[in-house]
Structure formats: C-alpha cells, structure tokens
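Those letters in the sequence shown? Residues 0 to 175, per numbering that gives the first Met the number 0, in order. Cβ atoms here follow ideal geometry from the backbone N, Cα and C, with glycine treated the same way. Following: one structure in structure tokens, then a few remarks.
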Amino acid sequence: MRVIDGCCLPDVRVLAPTLFNVAIDWILSHLAPSVGINVGPHQLTDLAGADDAVIFMSDEQQANDALQNFSAKAAPFGLEVSWAKTEVQNPGPGQPARMLTMNGTQVEGVEELFYLGSKQSSDGYCLPDVRRRIGLASAVITSLRPIWKCSHISLRTKVHLYRALVMSVLKHGHCW
C-alpha cells in the first residue's frame with residue numbers, strides 16, 4: 000500500500016494481475032454459449048491460468064468464430080491477443096492440422112501443447128506427459144549426485160531435498 004495525500008492506495012503491481020484475471024473471466028464468460036465440448040453430462044468451456052487461457056472448441060469454424068469474438072471482447076480492456084503465440088490443438092492424432100488465419104497472422108495447429116506445466120496430446124492420453132515428468136525428475140536426481148554421495152549431509156536433509164526438488168518436478172512437471 001502507498002499513502003498519497005492521506006489515502007491508502009493499493010500497489011498497482013499487486014492489483015494488475017487481479018484485474019487481468021477479472022477481465023479474462025468476463026471475456027470467457029461471454030464466449031460460453033458459443034464454445035465448449037461435452038464430457039459426459041457436463042459442458043466444459045475454458046481453463047484460465049495466470050496469463051493463459053484454453054478455450055474448448057469442437058470444430059474449426061467454432062474455433063475461428065470464438066477466437067475472433069475473444070479478440071473483439073478483449074479490445075475494450077486494452078488487451079490484444081498475440082496470434083503468433085496462439086496455438087490450436089488438432090482434433091486427434093493423424094488428423095490434419097488446423098490452420099487458422101487471424102488478423103493476417105497464421106495460428107499454428109499442433110499435435111501437442113504445454114499448458115500449466117503439463118503436456119497435452121491430441122489423442123487425450125497422458126502417457127507422453129508421464130514419461131516427460133519421469134525424465135525431468137531423473138535429470139534432477141542425476142544433477143544432485145554430489146549431494147547424494149556427500150557423507151557430511153544427513154539422510155534427513157537428503158530426504159527433504161528429494162521431496163522438495165525431485166518429487167515436485169515429478170508431480171508438477173517443471174523445474175523451478
């Protein structure tokens with residue numbers, strides 16, 4: 000908090016992410032009737048992370064319309080979609096890549112994408128992500144070899160390091 004002329008003002012660096020998330024939630028809620036996939040009796044429309052969003056769409060036309068609508072609804076907030084960073088996941092393995100053109104920029108169609116540390120594959124299976132996480136955790140174990148061999152470090156400390164460094168990579172899929 001900053002005090003200016005006797006008034007307490009929130010720190011803008013703290014407020015900005017919150018306002019961004021409020022804006023993204025509002026934008027995504029206004030897309031809800033026109034996007035989504037059905038999973039059993041539920042309709043899933045989106046996932047929103049800190050500065051990323053995933054919008055579920057069933058076909059290429061819906062993707063094109065929803066992304067154009069998302070861009071239009073974001074503009075009043077002063078937000079612009081980075082089309083160069085945007086990816087559209089293919090509908091399934093072996094199916095042709097979706098290639099959309101948004102505002103003159105080609106949006107890439109991909110078989111796999113990373114979202115919040117997890118590898119999402121178009122076949123819907125998690126085995127590629129599990130293998131990737133095991134590989135990352137194995138690399139962390141290897142990099143800690145000098146610590147494992149050190150006789151001056153207690154077993155208790157080594158277990159804490161294992162839980163903090165190796166298991167967190169295995170569970171969350173990324174190194175800090």
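Around the Cβ of residue i, are there at least 16 other Cβ atoms within 10 angstroms (buried) or fewer (exposed)?
i: Ala138; result: exposed
i: Ala62; result: buried
i: Gly177; result: Because the chain spans 0 through 175 in this model, residue 177 falls outside it and cannot be assessed.
i: Ala71; result: exposed
i: Gly77; result: exposed
i: Gln88; result: buried
i: Ile54; result: buried
i: Arg155; result: exposed
I need the straight-line Cα distance from residue i to residue j, nearest angstrom please.
i: Val158; j: Val38; result: 40 Å
i: Asn102; j: Arg130; result: 37 Å
i: Glu107; j: Ile23; result: 22 Å
i: Glu79; j: Ala73; result: 7 Å
i: Met0; j: Thr85; result: Any reading at Met0 is ruled out, since the residue's pLDDT is 48, under 50, leaving its predicted position unreliable.
i: Ser121; j: His151; result: 48 Å
i: Lys118; j: Gly172; result: 9 Å
i: Pro127; j: Tyr161; result: 23 Å
Would DSSP call residue i helix, strand or coil?
i: Phe19; result: helix
i: Tyr124; result: coil
i: His41; result: strand
i: Val109; result: strand
i: Ser117; result: strand
Would you give the residue range spanned by the beta strand (DSSP E) that residue i belongs to?
i: Ile54; result: 52-54
i: Ala100; result: Correcting the residue type first, residue 100 is Thr in the shown sequence and not Ala. Thr100 -> beta strand (DSSP E) spans 99-101.
i: Glu79; result: Looking at the DSSP string, Glu79 is not in any beta strand (DSSP E), and its letter there is neither H nor E.
Go to residue i, then tell me how far its alpha helix (DSSP H) extends in each direction, as first and last residue.
i: Val165; result: Counting along the chain, Val165 falls outside any alpha helix (DSSP H), and DSSP gives it neither H nor E.
Please confirm whether any heavy atom of the ligand NAD lies closer than 7 Å to the CB of residue i.
i: Ser121; result: For the structure depicted, the ligand NAD is absent and the ligand set is empty, with no information on it obtainable.
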